[in-house]
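Once you know that position 40 of the sequence shown is 40 in UniProt numbering, the rest is easy, because the numbers rise by one and skip nothing.
What follows is one structure encoded as structure tokens, with my remarks underneath.
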Amino acid sequence: MTTFLDGTETISPAAIFQLERKLDPRFLSLEEREQIRDLLRDGLSLRSIAAQLRRSPSTISREISRNRSSTGIYHPFAAHRYSAKRRPRPKPRRLVTELRLRAFVESKLALRWSPEQITRALIRQFPDDVGMRVATETKFASGRHECQRSRS
1 MTTFLDGTET
11 ISPAAIFQLE
21 RKLDPRFLSL
31 EEREQIRDLL
41 RDGLSLRSIA
51 AQLRRSPSTI
61 SREISRNRSS
71 TGIYHPFAAH
81 RYSAKRRPRP
91 KPRRLVTELR
101 LRAFVESKLA
111 LRWSPEQITR
121 ALIRQFPDDV
131 GMRVATETKF
141 ASGRHECQRS
151 RS
């Protein structure tokens with residue numbers, strides 16, 4: 001987010017992409033944030049708002065306290081932008097970013113080694129190199145698919 005000298009803020013293109021993504025149901029949607037604003041304006045309590053939205057009162061309380069302006073007014077659009085900015089970004093997979101690790105895993109998968117065998121071999125062959133370590137589940141979940149996908 002960029003703040004200009006006059007105090008106005010703009011949102012980065014990456015955050016705009018985050019806003020347009022389909023949200024997981026555990027995150028508040030823009031529509032829910034607008035409802036919170038309207039219900040606050042109507043004078044409803046936090047518990048009443050939570051009951052209407054079928055959310056925990058602590059979720060509503062946290063949302064309001066986190067996104068109120070200095071004058072005490074809740075702004076749903078700004079709240080939605082800020083939540084997109086705060087949302088965690090997925091980490092790139094090691095088998096995609098670490099080429100040496102990927103080559104090792106691909107070569108062992110070509111020999112039809114199991115993820116457990118690959119894990120043990122990595123520890124044995126690279127005992128001091130933590131960059132050459134991947135959890136068994138990671139290799140199993142992404143190794144075969146990611147490695148195959150990149151060849152095409």
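For every residue, glycine included, the Cβ atom is placed at its ideal position computed from N, Cα and C.
Because the structure is a prediction, the values reported are computed rather than measured.
For residue i, which residues of its own chain have a beta-carbon under 7 Å away from its beta-carbon, when the five flanking residues on both sides are left out?
i	result
Ala141	The pLDDT assigned to Ala141 is 49, lower than 50, so where the model puts this residue is not dependable, and the model offers no usable value.
residue 223	The shown model of the chain, from 1 to 152, leaves out residue 223, and the question about it has no answer.
Pro76	Leu30, Arg33, Glu34, Ile36 and Arg37
Specify, as a first and last residue, the run of the alpha helix (DSSP H) that residue i falls within.
i	result
Ile64	Pro57 to Arg66
Lys85	Pro76 to Arg86
Thr97	Arg94 to Thr97
Pro115	Pro115 to Gln125
Asp129	Unbroken run through Asp129: none, as it is neither H nor E.
Ala50	Leu46 to Leu53
Arg37	Leu30 to Arg41
Looking only at its own chain, which residues have a Cβ that is under 8 Å from the Cβ of residue i, when we skip the five neighbours before and after it?
i	result
Arg41	none
Phe27	Ser83 and Arg87
Ala51	none
Ser61	Leu46
Arg151	Because Arg151 carries a pLDDT of 45, less than 50, the predicted location of this residue cannot be relied on, and no value is offered for it.
Does the distance from the CB of residue i to the CB of residue j come in under 7 Å?
i	j	result
Lys108	Ile118	yes
Arg33	Ala79	yes
Arg66	Pro57	no
Thr136	Pro115	yes
Kindly list the residues whose CB is nearer than 6 Å to the CB of residue i, restricted to its own chain and excluding five residues on each side of it in sequence; keep chain order.
i	result
Arg68	Tyr74
Arg100	none
Can you tell me whether DSSP reads residue i as helix, strand or coil?
i	result
Phe27	coil
Lys108	helix
Ala103	helix
residue 158	Coverage of the chain is limited to positions 1 through 152, which leaves residue 158 absent and any answer about it impossible.
Arg149	Low local confidence applies: a pLDDT of 43 at Arg149 is under 50, so the model's placement there is unreliable, with the coordinate-based value given in what follows. If DSSP states are grouped into helix, strand and coil, Arg149 belongs with the helices.
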